Structures are given as structure tokens and as C-alpha cells.
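Chains as they are written, first to last, in my numbering: chain Y, 159 to 206; chain C, 298 to 533. Ideal Cβ placement from N, Cα and C applies to all residues, glycine included. Model, not experiment: these values are computed from the prediction.
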Amino acid sequence: MKRTVACVALLSAFNLWAEEPIRFQESLDVVEQDGYRFQRLARLPQGE
Amino acid sequence: MVEVTRGGKVVHRIFAGYSQQLQGSGLFGTPTLSHLQFAFHSLIPGDRPQVVIRLWSGGKNCCHYHWVLGTQPSLGVLLDTKRFHFDDLSEVVDLDGDGLPELRFAPTTFDYFGGSYANSPRPQAWFRFNRATQRYEPANDLLFPYLKEGYGKALQALPTLQQHLTAGGLYEELGGDVTGLVLHYLYAGRDNEAWSIHESRYPYEDVAGWRKAVELRLASDPFYQELRTRMKRDGR
């Protein structure tokens, strides 16, 4: 317990708060949020 | 490419091919959709998680593009690294303790510089979120107060060439470590300290020639150039 507190104090002193790593998902073709739809496309839409 | 739609209408497109400039370096393969990944990650406290997109360029020892997009109050591109030469995202950490994590990427500008890939100098590209512009912006110089202790410790730990060889190191290994440290200071706008370290710690004979080679390579690094332009423009 004391060791944990000391470790937290040390990290806090140096502002070294490592964030959660960004976890990428391999197999998604589409994600959606707030009404926005993000889709990976193989090529530019026809005519462009 | 990634197409962003809302209500069936296209509101934004991200082209995920590689640039002609990067293609010319010979290090890049062909990015395909199988190399494109999505993530949701909370970078801005109080906002909905951002959409993070990562694309591997393909090719040997190279490279990744990242985009960070916010969806509130409307769609916004917070970060686009496509014009830079970066390997993967190295670190997400709140260096300055303001609650907004900084992002560190690894520029590939000095890959194979003076030797093998393994011994390449590897500078750091730091981005800090600017609430005024709502974008992640190059900020090595602004973050230097939080980085200098680590850089100083790395400098103290640098062996001389003789110490390095006595410890079983290879002759060609040490130069990359020294130049990597020099680059940390150069990327933070600390030129005098950088070249002082180079003059005193570069382990081989071509001290002046190596400096010129470093300066020449820096001129081709879009991150370094943008950072220095911002520093000059903003008087920082």
C-alpha cells in the first residue's frame, strides 16, 4: 500500500500520467457517432 | 479513403493514399484498406470520444498516418499527420498536467541516417491540443520544460566512445544515440544546446561534416519545418 502511494506521488510530481493506449479495431468498415458515419471506401466514388 | 456522411450526405473525405513526395523516398509500399483502422478514444475531457483513424503505409520499417476527428459540436479534424513523415504513435501522455493528453509520434526523417535502421537517430514529434484552434499542433518547444529532465538524464547516461566499446558496444552504434539527443534539442528550438552537445559528444571525427548533414536532412522534414515556422511566427 505504502509503495503504491509513493509511486503515485512520484508520477504525480512529474506529471507523468500515461493515458490509456488507443485501441484500434482491425475489422471495422464503418463506425458511427453523433449521426456521422465514417466508412472506408476502396476507391473514389464514380465520376471523381 | 474514408468518407464521412451525415444524413446520407458526404460531409468530409480523407484520402488515404500516399503522397508523391513520400513515394519518391523509395521506402513506402502501397497502403490498402486492410491497413486502415478505427478507434474511439477520449482525448478531450468533457467531449464525446474522438474518432481516431490509423493507416499503415505499407513498406519496410514505415509509416503510419493518423487522423483525429471530433464530432461535437460538429465534425472537426483535430489532427492530420499525412503531410508528415511519421512512424507509429509512440505515446499519449498529459505532460503538462492540463488534463489534455499530448501525442508523440516518431519522425522517420533520420531513418538509416549514417548507418543501419537499428542505429538511426529517432527524434520526437510532440503535438499539444490548442483549444483556440481546436487542433493538435506541433509543440516540442512549448513542452520542453516537461521534457528537459529526461533529455538531461539521457545526456548524462551517454558513454564516451571508449566506455561504449569497453562495455562491448559496436563502434557504429553510438553516433545514432548522440545525434538522436542532439535532435531532441533542435526540435525544441534549443539550437545552442544542441550543437554544444554535438561538438562535445559526437564520437567520430567528421564533427563539422555531420552537422551539415543533419542540417540538410532537417530541411527536408515537414514536421521540423512547420514547428520552426510556428515558433518564428508566434515569437516563441
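Exercise. Apply the 10 Å Cβ neighbour rule to Glu-399(C) and answer buried if 16 or more other Cβ atoms are within range, or exposed otherwise.
Key: It is buried - the Cβ of Glu-399(C) has at least 16 other Cβ atoms within 10 Å.
Quiz item: With a Cβ-Cβ cutoff of 8 Å, do Asp-391(C) and Ala-403(C) count as a contact?
Solution: Judged by their CB atoms, Asp-391(C) and Ala-403(C) are not nearer to each other than the 8 Å cut-off.
Practice problem: Measure the C-alpha to C-alpha separation of Ala-516(C) and Ser-493(C) and round it to an integer number of angstroms. | Solution: About 20 Å.
Practice problem: Report the three-state DSSP secondary structure of Pro-456(C) (helix, strand or coil). | Solution: Secondary structure at Pro-456(C): coil, using DSSP grouped into helix, strand and coil.
Quiz item: Between which two residues does the beta strand (DSSP E) carrying Ser-493(C) extend?
Solution: DSSP places Ser-493(C) in no beta strand (DSSP E) but in the uninterrupted alpha helix (DSSP H) bounded by 488-498.
Practice problem: Tell me, please, whether the CB atom of Arg-380(C) is closer than 8 Å to any CB atom in chain Y? | Solution: Judged by the 8 Å Cβ criterion, Arg-380(C) is not in contact with chain Y.
Quiz prompt | Ordered list of beta strand (DSSP E) runs contained in the segment 387-413 of chain C, each at least 3 residues | solution = Correct list: 399-404.
Quiz prompt | Lys-306(C) versus Arg-198(Y), Glu-190(Y), Tyr-194(Y), residue with shortest Cα-Cα distance | solution = Of the listed residues, the one whose Cα sits closest to Lys-306(C) is Tyr-194(Y).
Self-check item: Cut-off 7 Å between Cβ atoms - residues of its own chain near Cys-165(Y), not counting five sequence neighbours on either side
Solution: Model confidence at Cys-165(Y) stands at a pLDDT of 45, short of 50, so the residue's coordinates are unreliable; what they give is reported in the following sentence. Excluding residues within five positions, none has a Cβ falling inside 7 Å.
Quiz prompt | CA nearest to the CA of Tyr-468(C), picked from His-363(C), Leu-513(C), Phe-383(C), Gly-412(C) | solution = With distances taken between Cα atoms, Tyr-468(C) lies closest to Gly-412(C).
Practice problem: At 8 Å on the CB atoms, spell out the chain Y contacts of Phe-383(C), in chain order. | Solution: Simply none; closest approach about 14 Å.
Quiz item: Pick from Lys-357(C), Phe-335(C), Tyr-484(C), Arg-533(C): whose alpha carbon is nearest that of Ala-422(C)?
Solution: Ranking the options by Cα distance to Ala-422(C), first place goes to Tyr-484(C).
Quiz item: If you draw a straight line from the alpha carbon of Arg-401(C) to that of Phe-383(C), how long is it in whole angstroms?
Solution: Rounded to whole angstroms, Arg-401(C) to Phe-383(C) spans 10 Å at the Cα level.
Exercise. Return yes when the Cβ of Tyr-362(C) is within less than 8 Å of the Cβ of Leu-352(C), no when it is not.
Key: Less than 8 Å divides the Cβ of Leu-352(C) from the Cβ of Tyr-362(C).
Practice problem: Measure the alpha-carbon distance for Val-349(C) versus Leu-478(C) and round it to whole angstroms. | Solution: In this structure, the CA atom of Val-349(C) is about 30 Å from the CA atom of Leu-478(C).
Quiz item: Taking only beta-carbon atoms, is Thr-368(C) less than 8 Å away from chain Y?
Solution: Under the Cβ criterion of 8 Å, Thr-368(C) is counted among the residues facing chain Y.
Quiz item: Rounded C-beta distance between Leu-340(C) and Pro-420(C)? I'm assuming under 8 Å.
Solution: Contact flag wrong, Cβ pair sits at about 23 Å.
Quiz item: How long is the line joining the alpha carbons of Gly-465(C) and Asp-393(C), rounded to whole angstroms?
Solution: Approximately 38 Å, taken between the alpha carbons.
Quiz item: So what's Gly-343(C) in DSSP terms, helix, strand or just coil?
Solution: When DSSP states are grouped into helix, strand and coil, Gly-343(C) belongs to the coil group.
Quiz item: Below 8 Å, can you find three or more Cβ-Cβ pairs linking the segment 425-440 of chain C to the segment 518-530 of chain C?
Solution: With the cut-off at 8 Å, the segment 425-440 of chain C and the segment 518-530 of chain C touch.
Quiz item: Based on Cα-Cα distance, which residue from Lys-379(C), Gln-347(C), Lys-357(C), Arg-508(C) lies nearest to Ser-371(C)?
Solution: Nearest C-alpha to Ser-371(C): Gln-347(C).
Practice problem: Tell me whether Gln-459(C) is buried or exposed, calling it buried when 16 or more other Cβ atoms sit within 10 Å of its Cβ. | Solution: Exposure of Gln-459(C) is indicated by the presence of fewer than 16 other C-beta atoms within 10 angstroms of its C-beta.
Quiz item: Hey, would you say His-332(C) sits closer than 8 Å to Gly-356(C), going by beta carbons?
Solution: No, Cβ-Cβ distance for His-332(C) and Gly-356(C) is not below 8 Å.
Quiz prompt | Selected residue, minimal CA-CA separation from Val-301(C), among Val-389(C), Gly-447(C), Val-365(C) | solution = Of Val-389(C), Gly-447(C), Val-365(C), the smallest CA-CA separation from Val-301(C) is found for Val-365(C).
Quiz item: So, is the C-beta of His-338(C) closer than 8 Å to a C-beta in chain Y?
Solution: Taking 8 Å as the CB threshold, His-338(C) lines the interface with chain Y.
Quiz item: Is Leu-392(C) near the ligand SAM, in the sense that its beta carbon is under 7 Å from a heavy atom of that ligand?
Solution: This structure simply doesn't include the ligand SAM, nor any ligand for that matter.
Practice problem: Run down chain Y in chain order and give the residues with a C-beta less than 8 Å from the C-beta of Gln-431(C). | Solution: Within chain Y, no residue comes near Gln-431(C); the closest Cβ sits about 16 Å away, beyond 8 Å.
Quiz item: Starting from His-481(C) and walking both ways along the alpha helix (DSSP H), at which residues does that stretch end?
Solution: Residues 470-484.
Practice problem: Out of Asn-358(C), Arg-303(C), Asp-531(C), Ala-510(C), state which residue places its alpha-carbon closest to the alpha-carbon of Phe-410(C). | Solution: Relative to the Cα of Phe-410(C), the nearest Cα in the group Asn-358(C), Arg-303(C), Asp-531(C), Ala-510(C) belongs to Ala-510(C).
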